[in-house]
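Asks:
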Amino acid sequence: MRLRPHRLRFRFPAAALASALLVTTALTTAPATAAPTATAADYCAGRCNDILPPGENGNATLAEILLNRAFGTRPAHTDDQLGPYAALASGYPGLTEAGLRSFFNDASFGVPADQVASTTAPRPDVTIVRDKATGVPHITGTTRYGTEFGAGYAAAQDRLWVMDLFRHVGRGQLSGFAGGAAANRQLEQSFWQAAPYTEAELQQQIDTLAARGGRAAQALADATAYLDGINQYAKEAYNGRTFPGEYDLTGHIDPITNAGSIEPFKLTDLVALASVVGALFGSGGGGELASAQVKSAAEAKYGKDAGDAVWKSLREADDPEAVQTLHDGQSFPYATVPDAPQGQALPDPGSVVPERLVYDATGSANSAATTANGVLPGNLLTARHGMSNALLVSGAHTDDGHPVAVFGPQTGYFAPQLLMLEEIQGPGISARGAAFAGLSFYVQLGRGQDYAWSATSAGQDITDTYAVPLCTTDGSPVTTAANSYLWHGQCLPFERLDRQDAWSPTTADSTPAGSYTLTMYRSKYGLVTARGTVGGAPVAFTSLRSTYRHEADSIIGFQELNDPSAVHDAASFQQAAQDINYTFNWFYADSRDIAYYNSGSNPVRAPGVDPGLPVLAQPAYEWADFDPATNTARYTPPAEHPQSVDQDYYVSWNNKQANGYATAGFGNGSVHRANLLDDRVKALLANGGKASRVSLTQAMESAALADLRAEDVLPDLIRVLRSAPVTDQSALTALQQLEAWLADGAQRKETSPGSHTYADAAAIRVMDAWWPLVADGVMRPGLGDQLFTALTGALQINESPSGGQTGATGGGPVSANEAIPHKGSAFQYGWWSYLDKDLRSVLGDRVAGPLARPFCGGGDLTACRTVLLNTLKQAAAQTPAQVYPGDADCPAGDQWCADTIIQRPLGGVTDSKTTWQNRPTYQQVVQFPNHR
249 MRLRPHRLRF
259 RFPAAALASA
269 LLVTTALTTA
279 PATAAPTATA
289 ADYCAGRCND
299 ILPPGENGNA
309 TLAEILLNRA
319 FGTRPAHTDD
329 QLGPYAALAS
339 GYPGLTEAGL
349 RSFFNDASFG
359 VPADQVASTT
369 APRPDVTIVR
379 DKATGVPHIT
389 GTTRYGTEFG
399 AGYAAAQDRL
409 WVMDLFRHVG
419 RGQLSGFAGG
429 AAANRQLEQS
439 FWQAAPYTEA
449 ELQQQIDTLA
459 ARGGRAAQAL
469 ADATAYLDGI
479 NQYAKEAYNG
489 RTFPGEYDLT
499 GHIDPITNAG
509 SIEPFKLTDL
519 VALASVVGAL
529 FGSGGGGELA
539 SAQVKSAAEA
549 KYGKDAGDAV
559 WKSLREADDP
569 EAVQTLHDGQ
579 SFPYATVPDA
589 PQGQALPDPG
599 SVVPERLVYD
609 ATGSANSAAT
619 TANGVLPGNL
629 LTARHGMSNA
639 LLVSGAHTDD
649 GHPVAVFGPQ
659 TGYFAPQLLM
669 LEEIQGPGIS
679 ARGAAFAGLS
689 FYVQLGRGQD
699 YAWSATSAGQ
709 DITDTYAVPL
719 CTTDGSPVTT
729 AANSYLWHGQ
739 CLPFERLDRQ
749 DAWSPTTADS
759 TPAGSYTLTM
769 YRSKYGLVTA
779 RGTVGGAPVA
789 FTSLRSTYRH
799 EADSIIGFQE
809 LNDPSAVHDA
819 ASFQQAAQDI
829 NYTFNWFYAD
839 SRDIAYYNSG
849 SNPVRAPGVD
859 PGLPVLAQPA
869 YEWADFDPAT
879 NTARYTPPAE
889 HPQSVDQDYY
899 VSWNNKQANG
909 YATAGFGNGS
919 VHRANLLDDR
929 VKALLANGGK
939 ASRVSLTQAM
949 ESAALADLRA
959 EDVLPDLIRV
969 LRSAPVTDQS
979 ALTALQQLEA
989 WLADGAQRKE
999 TSPGSHTYAD
1009 AAAIRVMDAW
1019 WPLVADGVMR
1029 PGLGDQLFTA
1039 LTGALQINES
1049 PSGGQTGATG
1059 GGPVSANEAI
1069 PHKGSAFQYG
1079 WWSYLDKDLR
1089 SVLGDRVAGP
1099 LARPFCGGGD
1109 LTACRTVLLN
1119 TLKQAAAQTP
1129 AQVYPGDADC
1139 PAGDQWCADT
1149 IIQRPLGGVT
1159 DSKTTWQNRP
1169 TYQQVVQFPN
1179 HR
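To convert a position in the sequence shown, counted from 1, into this note's numbering, add 248.
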């Protein structure tokens, strides 16, 4: 399942290549091998496995990059996990227990003596052993400082360039570091909007942690030792000219003279890095303006009461048909829609204008497009994305009586990967797993001595939008341009946070020189995101996130997860997860129990406030005990967070957690991609069935290849179409193709490994073309153009594997239908539930939580069938080139290639495309037979 490597990103003048190859020889001499260190207690008995493509090694010298481009050679361990990962797509049906190691690494502690590739001792109190199979660092220290020093040293060996990229992303300074490509600028702008800080404010977060003492002080000591290890390696690599070649290609170091530097890492860099992780994976809410525009459009279309009912039914905040992680009737009310909402601040129609961000642009900063590609997708933060899945079965329902788990984070695909594998053993630390580059002083997702843990993004609502009245201090008329606001009767100026960025062309990025200033305004109610009017009065709309100014607070929870004295059973795991302030669903398995806990700093809101809409910025509607100076408030107590121990099974794929735990955005209804997991695990356990590591992995991978629309909505579409004879030949042929595909399992899979052609290719093409057409045809006539457009701004119509076939968009500066091609993750966001509920209503089925009015054909089955037939014929008539128009990586009409996963290159070494899977990037398969 491999194709040619991803296209070249860098262009090299011939003379420069020759000089660099002569000067920058591939000095990759391995340190002398020493005896491996003693192995920590391991209760998994060889039944813990993991995988993280493409490979552990993320550093390549300039010479290695040039050799990769010229001859296809590559440094060891840069892609040796990609093949096994990709092969599971075809290999899972015949999977066996012994065969698991063909698709996953052995995640046992330690390295057998005959499997030691190298041993490095950067200090006398720590050794770093790398195994032959994957090159993963196994760090063992005799002191706490030495252990963490070794973790930093190993991280720099594997991810120095990636760490450097992301500390600049977190500060809104990517263009000046990596080049002025349009995507780099878009990305740094989005992060500056989400988490702008001065250096003093980054340091203040560290000082606040230090003042807490105890575990917090230990965590900062660990982080300091970790940074010392990073900086030691960076110094050695610079002096030895074995540093990542991207520093040469981006102009930071001269490839001939070695003039230049790698800036030392410091504690504030870790806060910047943590803000990136939190913004991408650990926040929720903030979509209140889009929701308000749907509500206003619905009321304009149907009248206030009927429109409000339509809005609520489309929002699906607590849908009774939504798949839930907790399915035993547990209820955890949070962020619910009040019966009599108070303090709503609906913007006047057409008044909302996004806040200006870019000022003083010069040179290429005035160009929206560039020839050069960015190092990361420009819409990495703004495009909607769902991450991670988990399947756990309790011991009462497994083959040997011990719980089994298959779980991991779905963090996208990059080369080098954003995560890295490691094992850390030292005083108070004993873990193996994955961690984000630059934050790997603790394993963030992985296993301990007798337990394993993982997480999925939860996304519950911890971000509110306030409508802040504007004012002037000189008596001039108040307009939306005013730069002061009302706070408790005072007219205060907004704080201004500026970031100056400037760039010049380099070998890696040819974008001409340019510069600009990024400016965010901040109030005590949060960051200004837009301006408009409410009831005719000028306001600023601000975003207030509970974890803002607290990016580093989760460090304590991660420390506990790595400490065998802190986590030793389900209850202690839940305590550790509670100490993480980002919004995650945490899962745990040991030899006796499985457990779940939803983390996050959930603010306690004022009575009657609807978290799904903008709120008036008045004392009565503030968070309980809100202190703007520290951005703290009263948070819901641990007992009110969804949690459970030993439910028969848990599944999660960024879905709803429990009864009453309201969804922050739109799209958690009767059809969700978590249904793909839930249905398969239910089938495994039906009639007394027992799950095993093999069968649960098969359930995961079967779901990873499934087309959610085909599996869960196509049956409704077929029933409507078959309610009368289909006489049009083109429609009948397409319908029969779809029915055959559905009978074949509705999966997007190759005819054979490496064929690069899908089985049921014609049906898949029809489904891809049909979905945006049928969604539009079913919903637009009843919604009307204004409401239809507003709804596409709150929830995208489609999220296909290729990132195409998006359908209509909501307009505005950022479309909810923004897509990232070749990303793997799919079917998280879309109008699946709307069509499912509406079509079942038209068919006369019982629907719990139905849409407030019929849409397809106005509720008439015959008229609805006509809509489906007409749109199906339109879809069937589209050519492959129309459905898959091609991009820089794939020719037009190549269906398989359009879907493929590409490890997006963050540096100079590239990887081959692999067949599509909707699956965690890092994944564990675990079943502990023993316990301490």
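For glycine and all other residues, C-beta sits at the position ideal for the given N, C-alpha and C.
Per DSSP, which residues does L740 bridge with? Please list them.
Replies: As a position in the sequence shown, residue 740 is number 492, starting the count at 1. Paired residues: Y733.
Asks: Would the beta-carbon of V961 fall within 8 Å of that of D1084?
Replies: Numbered from its first residue, the sequence shown carries residue 961 at position 713. Numbered from its first residue, the sequence shown carries residue 1084 at position 836. Result yes, Cβ atoms of V961 and D1084 sit closer than 8 Å.
Asks: Out of H500, S356 and T1119, state which residue places its alpha-carbon closest to the alpha-carbon of D412.
Replies: Taking the sequence shown and counting its residues from 1, the one referred to as residue 412 is at position 164. Among H500, S356 and T1119, the Cα nearest to that of D412 is on H500.
Asks: Quick one: residues in its chain with C-beta nearer than 6 Å to the C-beta of Q1171, no 5 flanking neighbours on either side, listed in chain order?
Replies: Here the question's residue 1171 lines up with position 923 in the sequence shown. Excluding residues within five positions, the ones whose Cβ falls inside 6 Å are I299 and G656.
Asks: Report the start-end ranges of each alpha helix (DSSP H) in the segment 997–1075 that is 4 residues or longer and not cut off at the edges.
Replies: Counting whole runs of 4 or more residues, the segment 997–1075 contains the alpha helix (DSSP H) stretches 1009–1042.
Asks: May I have the straight-line CA-CA distance separating S1073 from A334, to the nearest angstrom?
Replies: In the sequence shown, the residue the question calls residue 1073 occupies position 825. In the sequence shown, the residue the question calls residue 334 occupies position 86. Near 14 Å, if we compare the C-alpha coordinates of A334 and S1073.
Asks: Excluding sequence positions up to five away, which residues of its chain have a Cβ less than 8 Å from the Cβ of Y883?
Replies: Counting from 1 along the sequence shown, the entry for residue 883 is found at position 635. Excluding residues within five positions, the ones whose Cβ falls inside 8 Å are S794, S849, N850, P851 and V852.
Asks: So what's W559 in DSSP terms, helix, strand or just coil?
Replies: For this step, residue 559 is matched to residue 311 along the sequence shown. Note: W559 maps to helix in three-state DSSP.
Asks: Three or more beta-carbon pairs under 8 Å between the segment 302–320 and the segment 489–496, yes or no?
Replies: They touch, by the three-pair rule.
Asks: Roughly how many angstroms lie between the CA atoms of A403 and P302, to the nearest whole one?
Replies: Here the question's residue 403 lines up with position 155 in the sequence shown. Here the question's residue 302 lines up with position 54 in the sequence shown. Taking the straight line from one Cα to the other gives about 16 Å.
Asks: Please determine, among Q826, L562 and V776, the residue with the shortest C-alpha to C-alpha distance to L1031.
Replies: As a position in the sequence shown, residue 1031 is number 783, starting the count at 1. Nearest of Q826, L562 and V776 to L1031, Cα basis: L562.
Asks: Taking the alpha-carbon positions, what's the V863 to D1137 distance?
Replies: Position 615 of the sequence shown, counting from 1, holds the residue named residue 863. Position 889 of the sequence shown, counting from 1, holds the residue named residue 1137. Distance between the alpha carbons of V863 and D1137: 45 Å.
Asks: Could you give the residue range of the alpha helix (DSSP H) that holds F821?
Replies: If you number the sequence shown from 1, residue 821 lands on position 573. From DSSP, the alpha helix (DSSP H) with F821 extends over A818 to Q826.
Asks: Got a sec: does the ligand GDP put a non-hydrogen atom nearer than 7 Å to the Cβ of L864?
Replies: Judged by which ligands are present, the structure shown has none, so any question about the ligand GDP falls away.
Asks: Candidates P717, W735 and S1000: which alpha carbon is nearest T728's?
Replies: Start at 1 with the first residue of the sequence shown, and residue 728 comes out as number 480. Here the closest residue by C-alpha is P717.
Asks: Going by C-alpha distance, which of T1163, A465 and G686 is nearest V524?
Replies: Translated into positions along the sequence shown, residue 524 becomes position 276. For the residues T1163, A465 and G686, the minimum Cα distance to V524 belongs to G686.
Asks: Just verifying my parser: in three-state terms, what is the DSSP assignment at I510?
Replies: Taking the sequence shown and counting its residues from 1, one reaches residue 510 at position 262. Reduced to three states, the DSSP call for I510 is coil.
Asks: Would you identify the three-state DSSP class for T1163, choosing helix, strand or coil?
Replies: On the sequence shown, residue 1163 is found 915 positions in, with the first residue counted as 1. T1163 falls in the coil class under three-state DSSP.
Asks: So the beta strand (DSSP E) Y836 belongs to, where does it begin and stop?
Replies: On the sequence shown, position 588 is the one that residue 836 refers to. From DSSP, the beta strand (DSSP E) with Y836 extends over F832 to D838.
Asks: Around the C-beta of G774, are 16 or more other C-beta atoms found within 10 angstroms, so that it is buried, or is it exposed?
Replies: Residue numbering aside, residue 774 sits at position 526 when the sequence shown is read from its first letter. When all chains shown are included, G774 counts as buried.
Asks: Within the segment 750–803, note down every full alpha helix (DSSP H) run reaching 4 residues or more, in order along the chain.
Replies: Correct list: empty.
Asks: Do three or more CB pairs link the segment 987–998 to the segment 939–958 at distances below 8 Å?
Replies: Result yes; three or more Cβ-Cβ pairs closer than 8 Å.
Asks: Going residue by residue through the segment 427–454, where are the continuous alpha helix (DSSP H) segments of at least 4 residues, counting only ones entirely within it?
Replies: Counting whole runs of 4 or more residues, the segment 427–454 contains the alpha helix (DSSP H) stretches 430–442.
Asks: Count the other CB atoms within 10 Å of the CB of H736; is the residue buried (16 or more) or exposed (fewer)?
Replies: Against the sequence shown, residue 736 aligns to sequence position 488. With fewer than 16 other Cβ atoms within 10 Å, it is exposed.
Asks: Assuming A458 and A465 are in contact, meaning their beta carbons sit under 8 Å apart, how far apart are those beta carbons, in whole angstroms?
Replies: Position 210 of the sequence shown, counted from the first residue, corresponds to residue 458. Position 217 of the sequence shown, counted from the first residue, corresponds to residue 465. The pair is a contact, with the Cβ atoms about 6 Å apart (cut-off 8 Å).
Asks: Alpha helix (DSSP H) containing G394: first to last residue?
Replies: Position 146 of the sequence shown holds residue 394. G394 -> alpha helix (DSSP H) spans R392 to V417.
Asks: Hey, could you find the ends of the beta strand (DSSP E) I677 is sitting in?
Replies: The sequence position of residue 677 within the sequence shown is 429, counting from 1. Start and end: I677 to F684.
Asks: Apply the 10 Å Cβ neighbour rule to F689 and answer buried if 16 or more other Cβ atoms are within range, or exposed otherwise.
Replies: On the sequence shown, position 441 is the one that residue 689 refers to. That one is buried.
Asks: For W701, which beta-bridge partners are listed by DSSP?
Replies: Residue 701 sits at position 453 when you count from the first residue of the sequence shown. The partner list for W701 (beta bridge, DSSP) reads G694 and Y836.
Asks: Buried or exposed for V437, please, with buried defined as at least 16 other CB atoms from any protein chain shown within 10 angstroms of its CB.
Replies: Sequence index remark: in the sequence shown, residue 437 carries index 189 (1-based). Strictly speaking, residue 437 in this sequence is Gln, with Val absent from that position. By the neighbour-count rule (16 or more Cβ atoms within 10 Å), Q437 is buried.
Asks: With R387 as the anchor, note down where its beta strand (DSSP E) starts and where it stops.
Replies: Position 139 of the sequence shown holds residue 387. Here residue 387 is Ile; the residue named in the question, Arg, does not match the sequence. Here the beta strand (DSSP E) through I387 covers P385 to G389.
Asks: If contacts are defined as beta-carbon pairs under 8 Å, then G1134 and E494 qualify, I think. What distance do you get, rounded to the angstrom?
Replies: On the sequence shown, position 886 is the one that residue 1134 refers to. On the sequence shown, position 246 is the one that residue 494 refers to. Actually they are not in contact, since the Cβ atoms of G1134 and E494 sit about 29 Å apart, beyond 8 Å.
Asks: Report the option in N614, S599 and Q590 whose CA atom is closest to the CA atom of A430.
Replies: Position 182 of the sequence shown, counted from the first residue, corresponds to residue 430. It is N614.
Asks: Specify the secondary structure class of Y909 as computed by DSSP and reduced to three states.
Replies: Here residue 909 is taken as the residue at index 661 of the sequence shown, counted from 1. Three-state DSSP puts Y909 in a strand.
Asks: Roughly how many angstroms lie between the CA atoms of F821 and Y844, to the nearest whole one?
Replies: In the sequence shown, the residue the question calls residue 821 occupies position 573. In the sequence shown, the residue the question calls residue 844 occupies position 596. F821 and Y844: Cα-Cα distance of roughly 9 Å.
Asks: Check the DSSP bridge columns for E671 and list the partner residues they point to.
Replies: The sequence position of residue 671 within the sequence shown is 423, counting from 1. E671 pairs with H386 and R680.
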